[in-house]
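The opening position of the sequence shown corresponds to residue 5 in the working numbering, with each subsequent residue numbered one higher. Beta carbons are placed, not taken as given, at the ideal position from N, Cα and C, and that holds for glycine. The structure under discussion appears below in the form of structure tokens.
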Amino acid sequence: MISGMQYMGLSALSFSLMAALVKLGRGDIPEQEMILFRSLFIIAVTIPILLRNKIPIFGNRKGLLILRGLFGYIAMSCYFWTLGELPVADAIVIQYISPIFTVLFAWMFLKEEAKGGIWLAALLCMVGVVLIAKPEGEGSLLVAAIGLIGAVLAGAAYVTVRALRESDNAYTIVFYFPLVSLPFSIIASIKSSHFHIPSTLNSWGILLGICLTSYLGQIFLTKGLEKESASRAILVNYTTVAFGLVFGLLMFDALPDLRSLFGILLILVGISWVSFRK
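What follows is the structure, encoded as structure tokens:
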């Protein structure tokens with residue numbers, strides 16, 4: 005049986021590939037179109053699963069499910085946008101502050117214990133992320149602030165998933181993310197002066213890749229959060245940056261330096277601490 009921590013690792017792998025594909029296609033495909041097609045894809049894939057397994061499509065705690073979807077949509081919009089406006093390293097660093105907010109919100113609203121070991125692991129992971137990403141400080145304060153808002157809301161989204169684990173099925177929780185995102189992304193895409201239907205196979209391939217990796221990442225994330233406390237499970241998401249180094253090498257010919265390798269080591273130490281310390 006796959007553990008919660010393993011699910012979170014698979015989620016990190018999926019989301020790191022998604023980030024690489026977003027970066028690859030950002031010049032040709034506006035971020036709201038990416039979110040729109042992602043939403044349509046996940047809805048189309050998830051509804052048959054819900055119907056076949058007789059899972060309530062609209063769930064039980066509808067208000068919290070809608071809130072989860074709203075948090076997720078805004079967080080993803082901020083993240084995709086900052087990837088286009090900032091160096092990718094800066095955007096990743098800002099996005100991956102979110103686990104700190106997850107731990108904080110889980111402690112505040114779910115009454116989950118945040119032991120000293122968790123905070124030490126979080127500190128090691130944060131230092132590792134900064135070493136790997138090497139933020140250069142480019143971009144305006146406004147862009148950085150939008151990225152930070154995305155990180156805060158991503159942390160809030162993770163905690164709502166954790167809060168829903170007893171009342172709603174994982175696929176229902178996954179379904180609400182695109183369900184809430186779809187109308188907002190349609191409006192944003194239509195109002196955008198850059199809206200267009202992709203016309204090349206390359207663009208469609210990138211969109212399909214974003215849809216698949218995002219869907220799998222969301223499934224793995226939801227299952228991981230069902231099995232682990234938010235503060236333990238979400239720390240594994242830091243490995244997204246380590247996986248991103250591999251995809252950066254393969255897709256953008258970006259070689260890691262010694263500082264990046266040391267950052268990976270710190271992340272692995274932090275994750276190992278969380279994984280084996282009950």
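Less than 8 Å between the C-beta atoms of residue i and residue j, yes or no?
i    : j    : result
F84  : E35  : yes
I201 : L25  : no
I168 : L249 : One detail in the question is off: residue 168 reads as Leu in this sequence, not Ile. Result no, Cβ atoms of L168 and L249 do not sit closer than 8 Å.
I47  : Y175 : no
R42  : G88  : no
S18  : G221 : yes
S185 : I39  : yes
F100 : V133 : Looking at the sequence shown, residue 100 is not Phe but Tyr. Yes; because the gap between Cβ atoms is below 8 Å, this pair is in contact.
T204 : G159 : no
Y11  : F179 : no
L28  : M255 : yes
Starting from the C-beta of residue i, find all residues in its chain whose C-beta is less than 7 Å away, skip the five residues before and the five after it, and write them out in chain order.
i    : result
I98  : T86, A148, G151, L152, A155
L157 : F75, I78, A79
F266 : L135
I6   : none
V273 : L128
A16  : V240, N241, T243, T244, F247
I49  : Note that residue 49 is Val in the sequence shown, not Ile. Excluding sequence neighbours, V49 sits near Y219.
A161 : R72, F75, G76, A79
F45  : C215, Y219
I59  : N173, Y175, T176
H198 : P34
I190 : L40
F251 : S20, L21, A24
Beta-carbon within less than 8 Å of residue i's beta-carbon, same chain only, minus the 5 sequence neighbours each way: which residues are those?
i    : result
F113 : V163, A167
I177 : G63, L69, R72, V165, L168, T226
T217 : S18, F19, L21, M22, L25
L270 : L128, C129, V131, G132, L135
Can you tell me where the alpha helix (DSSP H) holding residue i begins and where it ends?
i    : result
R42  : 35-56
I177 : 174-195
E89  : 66-89
I104 : 102-113
G63  : It is not in any alpha helix (DSSP H) - G63 carries neither H nor E in the DSSP assignment.
F256 : 243-256
Secondary structure at residue i, three-state DSSP: helix, strand or coil?
i    : result
S218 : helix
S18  : helix
G8   : helix
L168 : coil
E116 : coil
E232 : coil
S203 : coil
G13  : helix
G159 : helix
G31  : coil
F266 : helix
G213 : helix
So, for residue i: in the same chain, excluding its five sequence neighbours on each side, which residues have a beta-carbon less than 6 Å away from its beta-carbon?
i    : result
S171 : N64, R65
W277 : A125
G8   : G228, K231, E232, A237
Report yes or no: is there a C-beta of chain D within less than 8 Å of the C-beta of residue i?
i    : result
I210 : Given the protein chain composition of this structure (a single chain), no chain D is represented.
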